[in-house]
Every structure is written in C-alpha cells, then in structure tokens.
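Under our numbering, the first residue of the sequence shown is numbered 31, with each subsequent residue one higher.
All residues carry an ideal CB built from backbone N, CA and C; glycine is no exception.
This structure is a prediction, so every number in the text was calculated from the model and none was measured.
Below is one structure, written out as structure tokens; comments come after it.
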Amino acid sequence: MKLKSVLTSLSLATAMGLALAGMARAEQVAIMCGSVGADQDQCKKGVQAWEKLTGNTVKIVSIPASTTDVLAFYQQGLAAGSGDVDIYQLDVIWPGIIGKYFIDLKPFSKGAEKDHFPAIVANNTVGGKLTAMPWFTDAGLLFYRKDLLDKYKLKAPTTWAEMAADAKTIQDGERKAGDAKFQGFVFQGKAYEGLTCDALEWLDSFGGGHIVNKAGKITVENAKAEAAITEAASWIGKIAPEGVLNYGEEDARGVFQSGEAAFMRNWPYAWSLGNGKDSKIAGKIGVEALPMGPGGKHTGTLGGWQLGVSKFSKHQAAAASLVMYLTSQAEEKRRAIEGSYNPTIPALYKDADVLKANPFMGTLISTFTNAVARPSLTTGAKYAEVSNDFWNAVHDVLSGKSNAKTAMASLHAQLKKVRGPGWDK
Ligand code: GLC
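Okay, structure coming up:
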C-alpha cells in the first residue's frame, strides 16, 4: 500500500471514529423560546451555532407572547414534574415564584455570571442558588416619529402633558390630511403583566411609589399615584384608541410600525424591527426616556429574560452548556446588533458595534441601569397575585369603570388580603 492511501484510510477511520464517538455523546435538548418580534428567529440562530459547535441537537418550543400566559403554561408543566423541556426562558419577575424548579447553574457557569449586571444576578439567585443566567434586559422607552415631530415643528416631549399635547396636534393634523386611523399614542393597556409595567412607569414618573415598597408596605393609596393613573385614563379615546385597552407589546408595535401612530411606549426590541425591511417607518424613529409627571422623573420599568435549566431535565449538563453559550458575550453581542436585545453584560454597552446598531443603548444608559423594579423580590411567591390585582385596578380606571381614588383604595384592601392581615403594618 502506498503511503498516501495508508494516510487516507487512517484519516477516514479517525473521522469515522470521531463521528461515532460524537454520535454516542450527542444529546437532544429542548428549549422554550419567546414569540414576540424576532424572538424565534434569533433564538434559532444562537441554537444552531451551538449545535454546530457541539454536535448536539436542539428542539425549540415556542411559548405564548403574553408573559402572563407563559407563566400559567410553565406552572402547569413544572407542577406536574414534566421533563419534556430542559431550558426555560424566564421573566425577571419569576425567580421568587418558580425558581424552585430550576437547578443551580453555578457548577456550570465557572463564574461567568460575574460578567453580568450584579443586580440581575442577585435577582436570579434564590437561597444561594443561581436559578438562571441573565440573557437580555429591558426597560420601557418612548419611541417617536422624528419626521412627524419635524413636520409639526415639535421637540421630543419631556413631560406626559407635553407628550399628550404633541400627540393630539399630530393626530389632528394627520387625520385632517386624510389618515382617519392615525393615533397619537399607543402602549400596553390590556389587563396583563404588560399593563403593570406601563402603569408602574406612570406611578414612578409622578413620584407615586412602586405598588409595594421594599419594607413590604402597600403604597398605592397616594395622591401622586392617583394623579398618574387619572392622567393615563385621560388619553383613552383622545390620543390613544379605545382598542389600546386590549393591546400587548406586539399590537402597539403593529400600529406604530405601519406608520399609524406618533408615539409608542415599548421595549428596546421594537427599535430593530421598526428599522427593519418590513417597516414603513425605517430611519424615522427617535427613542428617548419616558416622560415625567409634574415634579417627577424619567423612568422605565425593569424587564428582561433569563435562561434556566429545569430540575426535571434529563440532560442537565448539555442544557447548561447551551445556556452558557446563549448568554455568552459573543452571543449577547450578536443579538444586540441583530435584534436590539439589551445585553446583560455591562462591557457590551461600550462596544462600538453594539452602539452603532443601537445608539440609544449609549445615550439612555441611565434608563437601563436605574430602571424601576416591580415588587417581585419583596412579594416573592405572591408577586403574580399582587400584579394581577394591580393591573385589574388600573384597567378599571382606564376603561372608565372606576376612578383612581376608589380603585386604589379597594386595591389596597385587596393586597392586604393577598398577604394576609398584618402585612403592610
Ligand atoms: C417584556 C419584559 C418582561 C415583562 C413583559 C411584560 O417581555 O422583558 O420583563 O414582564 O414585557 O409584558
């Protein structure tokens, strides 16, 4: 046998051996990924890169768009001890509610969590256990049409009152010019977790507290909170369509991105899609911090998503490896550039490519680092009920069923029941 063919058969054998060994090691893991905006596409890209790298395969399971529906869906499967899915995409408000179903990722992370925002890592750590790795963070922002502000000779508003006045001017003008559907402002007004986020921003921007304070005291009955919700209710039917009472993130984005609204409250993901090829308003979008109430401040609710490995998973090591890949600096950078998902790694806020794709990640850095947290750490396992009662009370005011004073008084009484008598003392 000639040397060349010896070498060829040797390398063939080696290749076959490697392939077989790989096959023996290869595992299939299943991951739950969101369905808002580009969630599925971007999840798939990251997953495919890891499949290539490891030879493992991944099944992507799509979850509902509303985080409220996702929680109910997860709770059902987890309470039944289902091991069908290995990796869960987890909202920042859930570690206290379902953290107990997830393994400690510390043995797998080798300290990589130290590269992420410490506050998010602390949020995800329950009883010393790192229940999930931070994947992307969120804060509510005000998106506006730069071209329309110019057309009507307006500047980006800094207070809610200015925003409402500008929205009305633009809405009146555009309707007069023949666009009967045009809206001044769209946001998340449906009775779900998204409304809790929007309404917490109204409260905080007026100096009206955070629903429940860090000491566990219910703070909803106060004049500033009531004024904030009353102001929001005044938008309905004037600068926002009645339909906003049933809008989630994607409904608001749909209206704004088709060129039918002047202002929109949404999360950062809307930037990349709004400037994408399917958008009617690419290149025409401005972003700034949400407006302030009288004597209040600019603020945004802290949102964001983590990845955790189920304790019922039969592929924990492989699943943890995928979680570490998806939350790595390179992958968070790719997602920030392609999908405007805010990184959870502070170093990426100084990355020139990230800032070029998303200038607001630099200019609004304090909105992200000072975002206001929902009271999920204080209320722990009760958070879902607290939030549910809050969004229902706010929804009643927005839809004209109640006024803010009455709604906040009965919310206070209701929240006391959630934690039992004596809480709030
Ligand atoms: C976004 C946020 C999340 C929040 C949800 C509300 O997905 O990241 O934290 O709970 O919106 O709709």
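Got a sec? Which residues, its chain only, sit under 7 angstroms from residue i by beta carbon, not counting five neighbours each side?
| i | result |
| --- | --- |
| His-146 | Pro-164, Thr-374, Ile-375 |
| Thr-357 | Met-163, Pro-164, Trp-165, Leu-337 |
Leaving out five residues on either side along the sequence, give the residues of the same chain with a beta carbon under 6 angstroms from the beta carbon of residue i.
| i | result |
| --- | --- |
| Glu-204 | Phe-212 |
| Asn-276 | Lys-220 |
| Tyr-222 | Ser-96, Thr-98 |
| Ser-298 | Note that residue 298 is Pro in the sequence shown, not Ser. These residues qualify, in order along the chain: Ser-370, Asn-372. |
| Ala-291 | Gln-213, Val-216, Val-285 |
| Ala-102 | none |
In the DSSP assignment, find the unbroken alpha helix (DSSP H) run with residue i in it and report its ends.
| i | result |
| --- | --- |
| Tyr-355 | 346-356 |
| Asp-71 | 69-84 |
| Val-424 | 413-428 |
| Asp-114 | No alpha helix (DSSP H) holds Asp-114; DSSP gives it neither H nor E. |
Could you tell me the distance, in whole angstroms, from the CA atom of residue i to the CA atom of residue j?
| i | j | result |
| --- | --- | --- |
| Val-156 | Ala-162 | 10 angstroms |
| Ala-360 | Asn-243 | 37 angstroms |
| Arg-404 | Asn-86 | 38 angstroms |
| Asn-422 | Leu-441 | 9 angstroms |
| Met-193 | Pro-187 | 5 angstroms |
| Asn-474 | Leu-184 | Outside the shown range of the chain, which is 31 to 455, sits residue 474, and nothing can be said about it. |
| Ala-257 | Ser-65 | 35 angstroms |
| Gln-105 | Asp-114 | 14 angstroms |
| Pro-271 | Glu-280 | 15 angstroms |
| Lys-447 | Phe-420 | 13 angstroms |
| Asp-177 | Tyr-131 | 48 angstroms |
| Trp-453 | Ala-411 | 14 angstroms |
| Ala-255 | Ser-429 | 17 angstroms |
| Ala-443 | Ser-406 | 19 angstroms |
Any beta carbon from chain D within less than 8 angstroms of residue i's own beta carbon?
| i | result |
| --- | --- |
| Gly-76 | In summary, chain D is missing from the structure at hand, where a single protein chain is found. |
From what residue to what residue does the beta strand (DSSP E) around residue i run?
| i | result |
| --- | --- |
| Gln-218 | Note, Gln-218: premise wrong, no beta strand (DSSP E); not H, not E. |
| Met-522 | Nothing in the structure corresponds to residue 522, since the chain is present only between 31 and 455. |
| Gly-316 | 315-318 |
| Phe-236 | Premise fails: Phe-236 is in no beta strand (DSSP E) and is neither H nor E. |
| Leu-120 | 117-121 |
| Arg-175 | 171-175 |
Can you list, in chain order, the residues of its chain whose CB lies under 8 angstroms from that of residue i, leaving out five sequence neighbours each side?
| i | result |
| --- | --- |
| Leu-385 | Tyr-379, Met-391, Gly-392 |
| Lys-198 | Gly-214, Lys-268, Ile-269 |
| Val-402 | Leu-230, Glu-231, Asp-234, His-240, Thr-329, Gly-330, Thr-331, Leu-332 |
| Phe-173 | Phe-286, Phe-293, Met-294, Arg-295, Asn-296, Ala-300, Trp-301, Gly-304, Ile-315, Gly-316, Val-317 |
| Thr-436 | none |
| Leu-313 | As written in the sequence, residue 313 is Gly, which differs from the Leu given in the question. Within the same chain, Gly-313 has close Cβ partners Asn-305. |
So who's on the other strand from residue i, going by DSSP bridges?
| i | result |
| --- | --- |
| Phe-166 | Trp-335 |
| Ala-291 | Gln-213 |
| Thr-87 | Gln-58 |
| Lys-159 | Val-156 |
| Cys-63 | Ser-92 |
| Phe-132 | Ser-340 |
Exercise. When you get a sec, list the residues whose CB is within less than 7 angstroms of any heavy atom of ligand 1, chain order please.
Key: Qualifying residues, in the order they occur: Val-66, Ser-96, Thr-97, Asp-121, Val-122, Ile-123, Asp-168, Gln-218, Tyr-222, Glu-223, Gly-224, Cys-227, Gly-278, Glu-279, Trp-297, Gly-333, Gly-334, Trp-335.
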